[in-house]
Amino acid sequence: MASTLAPVRPTRRPADRHHRGVGRWLVLVLVGAAALAMLVPFAFMLINAFKSPGDYSTNGPLSWPTELYTGGLRTYWEQVDFPVKLWNSIVISGSVAVLAVVVSLLSAYALGIGRVRGRLWIIGLFLLANMLPQEALVYPLYHFAKEAGLYNSRLAVIIIFTVIQAAFGTYLLASVLGTFPRALLEAAALDGAGKWRILWRVVLPNVRPTIAVLLVFFFIWTWNEFLIPLVMLIDNQTQTVPVAIATLQGDRLMDAPTTNAGALLSLLPTILFFLIFQRTLARGITAGADK
1 MASTLAPVRP TRRPADRHHR GVGRWLVLVL VGAAALAMLV PFAFMLINAF
51 KSPGDYSTNG PLSWPTELYT GGLRTYWEQV DFPVKLWNSI VISGSVAVLA
101 VVVSLLSAYA LGIGRVRGRL WIIGLFLLAN MLPQEALVYP LYHFAKEAGL
151 YNSRLAVIII FTVIQAAFGT YLLASVLGTF PRALLEAAAL DGAGKWRILW
201 RVVLPNVRPT IAVLLVFFFI WTWNEFLIPL VMLIDNQTQT VPVAIATLQG
251 DRLMDAPTTN AGALLSLLPT ILFFLIFQRT LARGITAGAD K
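Structural data, given as structure tokens:
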């Protein structure tokens with residue numbers, strides 16, 4: 001009796017990840033060169049932060065420090081009252097990150113799952129609002145803060161940036177929730193779950209990685225904001241870290257070592273925050289890619 005077994009085809013061996021094509025190596029080299037180019041300004045900042053003013057004026061910004069000078073760090077810490085500025089930035093950035101995420105989730109839930117009439121136009125308006133330059137918003141926001149009695153207060157900056165960041169968060173989350181499986185929503189509704197229970201028990205666990213990414217981005221974006229806090233916060237007790245760095249520069253003179261030391265101190269909290277939430281950010285991006 002003839003055998004009916006089909007001939008076994010030889011299986012392909014998986015490509016060795018160490019043997020890349022020329023194109024992949026070229027892309028890898030270009031990405032590495034771009035990463036090094038972006039690190040160059042930070043290297044100069046680190047070098048000049050530990051130079052004395054005399055060393056900087058004699059040898060220039062491209063030389064190595066002749067000694068480990070920490071006077072610039074002490075001068076910046078004391079001159080701008082850095083602990084107060086750091087606390088203000090943490091309060092404003094943390095509050096904006098949390099509030100903007102909550103507003104984005106509620107708005108996107110209504111637009112992405114609630115299917116309100118004209119949702120595409122509303123989402124387009126949110127995207128358009130996010131693209132407006134802050135220079136066009138400064139005077140209306142200044143007038144609003146004056147009329148509301150919120151000028152020179154952290155609350156005014158928190159409200160402004162909550163709305164600005166929530167515009168982007170609503171656009172992103174509404175796009176994600178627009179493709180949410182309707183079967184899960186219908187099953188929850190059949191079990192007697194209301195809209196709020198569906199939001200917190202069904203929707204939120206599925207979009208938690210995206211919310212974690214928004215939380216990290218909102219904190220860092222708000223921390224780095226300069227123009228609106230510069231206009232809204234004129235008191236030393238309410239100013240943020242980026243505004244404090246600007247106060248070091250005079251009309252005709254700038255202490256470059258102290259300015260670099262201030263930039264280094266201002267950068268450390270955001271780096272620490274990013275390192276703490278790096279795994280959360282990576283999981284959120286990976287989950288978004290898988291979906």
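For the sequence shown, the UniProt record's numbering assigns the number 291 to the last residue and increments by one with no breaks. All C-beta atoms in this analysis are idealised placements derived from N, C-alpha and C, irrespective of residue type, glycine included.
Pair within 8 Å by beta-carbon distance, residue i and residue j
i	j	result
D81	N224	no
P242	A49	no
V101	L214	yes
I228	N152	no
D55	T66	yes
T238	N130	no
I92	T270	no
T240	L248	no
A136	A145	no
I123	L132	no
K85	A246	no
A188	I198	yes
F42	P61	no
D255	P83	no
Burial state of residue i, where buried means 16 or more other Cβ atoms lie within 10 Å
i	result
L128	exposed
R154	buried
M1	With a pLDDT of 47 at M1, under the threshold of 50, the modelled position of this residue cannot be trusted, and the question is left open.
A289	Unreliable placement is indicated for A289, whose pLDDT of 46 sits below 50; no coordinate value is reported for it.
L272	exposed
L28	exposed
G165	As written in the sequence, residue 165 is Gln, which differs from the Gly given in the question. Its Cβ being crowded by 16 or more others within 10 Å, Q165 is buried.
S104	buried
I276	exposed
T162	buried
I126	One detail in the question is off: residue 126 reads as Phe in this sequence, not Ile. Result: buried.
G118	exposed
M232	buried
F274	exposed
L73	buried
G169	buried
L116	According to the sequence displayed, residue 116 carries Val and not Leu. Counting Cβ neighbours within 10 Å, V116 comes out exposed, since fewer than 16 surround it.
A167	buried
L68	exposed
L177	buried
Selection from the options that minimises the alpha carbon distance to residue i
i	options	result
T179	I276, A145, Y109 and L73	Y109
S107	L275, L26 and Y171	Y171
L46	L248, I276, P269 and A261	A261
I160	S175, Q134 and L177	Q134
F173	G114, T259 and L190	It is worth fixing the name first, because residue 173 is Leu in this sequence and not Phe. Checking every option, the nearest Cα to that of L173 belongs to G114.
P181	Q79, A167, V202 and V84	V202
L120	S175, I90, M232 and L230	S175
R279	E186, I220, V216 and L230	V216
I158	I90, E186, L177 and A35	I90
With three or more beta-carbon pairs closer than 8 Å as the criterion, would you say the region 125–143 touches the region 209–217? No: the two stretches stay apart, fewer than three of their Cβ pairs being nearer than 8 Å.
Evaluate contact between the region 261–268 and the region 92–108, counting only Cβ atoms and requiring at least three cross-stretch pairs below 8 Å. The answer is no - the region 92–108 does not touch the region 261–268, with fewer than three Cβ pairs under 8 Å.
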